[in-house]
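There are 2 protein chains.
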Amino acid sequence: MSTGTRSGPEGTLRKTDRTTLRRLPDRGSYDRETANALLDEALICHVGFVMDGQPFVIPTIHARLGRTLYVHGSAASRMLREGKRVPLCVTVTLLDGLVMARSAFHHSMNYRSVVVLGQAHEVTEAEEKLQALRAIVEHVAAGRWDEVRWPTDTELRGTTVLALPIDEASVKIRSGPPKDDEEDYALPTWAGVIPLRMVAGEPLADPRLGDGIRPSDVIARYRRP
Amino acid sequence: MSTGTRSGPEGTLRKTDRTTLRRLPDRGSYDRETANALLDEALICHVGFVMDGQPFVIPTIHARLGRTLYVHGSAASRMLREGKRVPLCVTVTLLDGLVMARSAFHHSMNYRSVVVLGQAHEVTEAEEKLQALRAIVEHVAAGRWDEVRWPTDTELRGTTVLALPIDEASVKIRSGPPKDDEEDYALPTWAGVIPLRMVAGEPLADPRLGDGIRPSDVIARYRRP
Numbered sequence: 002m003s004t005g006t007r008s009g010p011e012g013t014l015r016k017t018d019r020t021t022l023r024r025l026p027d028r029g030s031y032d033r034e035t036a037n038a039l040l041d042e043a044l045i046c047h048v049g050f051v052m053d054g055q056p057f058v059i060p061t062i063h064a065r066l067g068r069t070l071y072v073h074g075s076a077a078s079r080m081l082r083e084g085k086r087v088p089l090c091v092t093v094t095l096l097d098g099l100v101m102a103r104s105a106f107h108h109s110m111n112y113r114s115v116v117v118l119g120q121a122h123e124v125t126e127a128e129e130k131l132q133a134l135r136a137i138v139e140h141v142a143a144g145r146w147d148e149v150r151w152p153t154d155t156e157l158r159g160t161t162v163l164a165l166p167i168d169e170a171s172v173k174i175r176s177g178p179p180k181d182d183e184e185d186y187a188l189p190t191w192a193g194v195i196p197l198r199m200v201a202g203e204p205l206a207d208p209r210l211g212d213g214i215r216p217s218d219v220i221a222r223y224r225r226p
Numbered sequence: 002m003s004t005g006t007r008s009g010p011e012g013t014l015r016k017t018d019r020t021t022l023r024r025l026p027d028r029g030s031y032d033r034e035t036a037n038a039l040l041d042e043a044l045i046c047h048v049g050f051v052m053d054g055q056p057f058v059i060p061t062i063h064a065r066l067g068r069t070l071y072v073h074g075s076a077a078s079r080m081l082r083e084g085k086r087v088p089l090c091v092t093v094t095l096l097d098g099l100v101m102a103r104s105a106f107h108h109s110m111n112y113r114s115v116v117v118l119g120q121a122h123e124v125t126e127a128e129e130k131l132q133a134l135r136a137i138v139e140h141v142a143a144g145r146w147d148e149v150r151w152p153t154d155t156e157l158r159g160t161t162v163l164a165l166p167i168d169e170a171s172v173k174i175r176s177g178p179p180k181d182d183e184e185d186y187a188l189p190t191w192a193g194v195i196p197l198r199m200v201a202g203e204p205l206a207d208p209r210l211g212d213g214i215r216p217s218d219v220i221a222r223y224r225r226p
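First to last, the protein sequences are chains A and B. The opening residue of the first sequence carries number 2 in this note's numbering; numbering runs sequentially from there. The opening residue of the second sequence carries number 2 in this note's numbering; numbering runs sequentially from there.
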C-alpha cells in the first residue's frame with residue numbers, strides 16, 4: 002500500500018514516505034516504545050476516515066494491546082461502518098504547555114503526538130473482541146473491568162471493534178523553552194512555558210447510586226499521569 | 002458540494018447529510034453560539050485532509066474570527082500545502098469526565114466536540130493574514146499579541162494561513178451521569194463521573210530570560226476556563 006518502506010528493527014515503527022516528517026524532523030521519532038507510551042497515556046484519539054472524498058475526524062476512546070490499536074463503537078456508527086473498508090489515520094495528542102516566545106512567530110505548544118496510518122479490520126472473533134473491550138475499559142481506568150458487569154452476547158453483537166496495526170506510524174514531540182530569533186533575546190518581554198496538564202477531580206456519584214456504595218480504590222485513587 | 006442542505010436561521014449551522022448525527026442524535030446540536038464557544042475554548046484542533054486516498058489527522062492551533070476558522074503553519078508543511086486544495090474536516094474536542102457505569106458497555110466519556118466540514122482557502126491578503134495570526138496568538142493567551150514582536154514581512158511570507166468557513170458543522174455533547182440498563186441499577190458497583198479538566202501550572206521562565214523581567218498579568222494570571 003505504501004512506497005519507500007524501510008524495514009526497521011524490532012523497536013522501530015515503519016517509516017514510509019507518508020510518515021516521514023518533512024517539517025522540523027528533529028521533533029520526530031519512530032521509536033515504538035515512545036509511541037506505545039503516548040497511545041497508552043492519551044484518553045482519546047481522533048480517527049480520520051474518508052467518505053466520497055470528504056475526510057471526517059471523530060474523537061473516540063481507544064486502547065492498545067501489543068502492536069494493535071483498538072477502537073470501538075456502535076455497529077450503527079458511520080465511523081465504524083466506513084472504517085473497516087477504508088484507510089484510517091488515528092492520531093493521539095497530549096498537550097504539555099503553551100510556549101510563550103518573544104515574537105508572535107515563535108509562539109508554539111509543547112505536545113506529544115502519534116499518528117498511525119493503516120487499514121483496519123473488524124474483530125469478529127469473540128474472545129479477541131472481549132479482550133479489546135476489556136482493554137478499552139482498563140485503558141480509561143485500570144482495574145475497572147473487574148468491578149463492572151461484563152458485556153452480554155447482545156451487547157457484543159451490537160458493538161463493532163476495529164483493529165489497526167501499529168506499524169506505519171510516527172511520533173512528534175515538542176518540549177522545552179521557546180526558540181527565539183537571536184536578536185529577540187534582548188527584548189524585555191517575558192518568555193517561557195505555561196505548563197498544562199489534565200487533572201481528575203473528586204468523583205461525582207450517580208444521583209441514582211444505592212445507599213452505602215462507596216467508590217472503590219480504582220475510583221477514589223484515580224489520577225492522571 | 003453537499004446534498005440535502007437545509008438553510009437554517011442566523012444562529013444555526015448548516016445541517017447536511019454529512020453533518021446529520023445518526024448515532025445518539027439527542028447529543029447533537031447545530032447551534033452556532035455553542036459551536037463558537039467550543040471552538041474558542043479548545044486550545045487545539047485536529048485537521049483531517051486526504052492525500053492519495055489516505056486520510057491524515059494533524060493536531061494544530063486554530064482561532065475563530067466571526068464565522069471563519071483559521072489554521073496556520075509553515076508554507077512548507079504538507080497539511081497546509083494540501084489543505085488549500087482539498088476538502089477539510091476540523092474537529093475540536095474538550096474532555097470533561099470519565100463516565101463510570103455499572104456495566105462495561107455503558108462506560109463513556111463526557112465531552113464537547115465540534116466537527117466543521119468544508120473547503121478552505123488560503124488567505125493571501127496581508128491585513129487578513131495578520132489579523133488571523135493575531136487571533137491565533139490571542140486564542141492561546143488573550144492579551145499576548147500586544148506584548149510580543151509582531152511578524153516581519155519575511156515571517157508572513159513563510160507562513161500559510163487557511164480560512165475555513167464555519168458553516169457545515171455539528172456539535173456533539175455528552176454530559177451527566179451514566180445511563181445504565183434499568184436492571185443494573187441494583188448492582189453494588191459505584192457509578193458516577195470522574196471530572197477531568199485541563200489546568201495551567203506555574204509559568205516556567207525561559208532559562209535565557211533577561212534579569213529582572215517578570216511575567217506580565219497575561220502570563221501570571223493565565224487560567225484555563
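Positions of the beta carbon are idealized from the N, C-alpha and C atoms, including for glycine.
Would you mind working out which of A:Gly213, A:Val194, A:Asp207 and A:Ile167 sits nearest Thr13 of chain A, comparing C-alpha positions? A:Ile167
Taking Cβ-Cβ distances below 7 Å as the criterion, which residues of the region 44–56 of chain B are in contact with chain E? Protein chains A and B are contained in the structure displayed, whereas chain E is not.
Per-residue contacts from Asp207 of chain A into chain B (C-beta, under 9 Å): Met101, Ala102, Arg103, Pro178, Pro179, Asp181, Tyr186, Trp191, Ala192, Gly193 and Val194
Chain A contact for Leu197 of chain B (CB, 7 Å cutoff): yes
Between the CA atoms of Pro196 of chain B and Val58 of chain B - distance to the nearest angstrom: 27 Å
Pairs of beta-carbons, one from the region 92–101 of chain B and one from the region 34–50 of chain A, closer than 8 Å: are there three or more? yes
Using beta-carbon positions only, say whether Val219 of chain A and Ala164 of chain A come within less than 7 Å of one another. no
For Arg103 of chain A versus Asp181 of chain A, is the C-beta spacing smaller than 7 Å? yes
Nearest chain B C-beta to Gly1 of chain A closer than 7 Å, yes or no? This structure gives no information on residue 1 of chain A, because the portion of chain A shown stretches from 2 to 226.
Residue burial classification, Thr92 of chain A (beta-carbon count within 10 angstroms, cutoff 16): buried
Would you say Thr92 of chain B faces chain A, with C-beta separation under 7 Å as the test? yes
Ignoring anything shorter than 4 residues, give me the alpha helix (DSSP H) runs that lie fully in the region 76–152 of chain B, in order along the chain. 79–84 and 127–141
Just the Cα atoms here: how many angstroms apart are Ala38 of chain A and Thr21 of chain A? 20 Å
Flag this pair as yes or no: are the beta carbons of Val138 of chain B and Thr190 of chain A separated by less than 7 Å? no
Please report whether the beta-carbon of His108 of chain B lies at a distance below 7 Å from any beta-carbon of chain A. yes
Coarse secondary structure for Pro26 of chain A, derived from DSSP in three states: helix
Cβ of Arg222 of chain A less than 7 Å from any chain B Cβ? no
Same chain only: Cβ atoms within 6 Å of Pro60 of chain A, ignoring 5 sequence neighbours per side: Ile45 and His47
Taking any Cβ of chain B, which residues in the region 140–155 of chain A have a Cβ under 9 Å from it, in chain order? Val141, Ala142, Arg145, Trp146, Glu148, Val149, Arg150, Trp151, Pro152 and Thr153
Helix, strand or coil: which one does DSSP assign to Leu197 of chain B? strand
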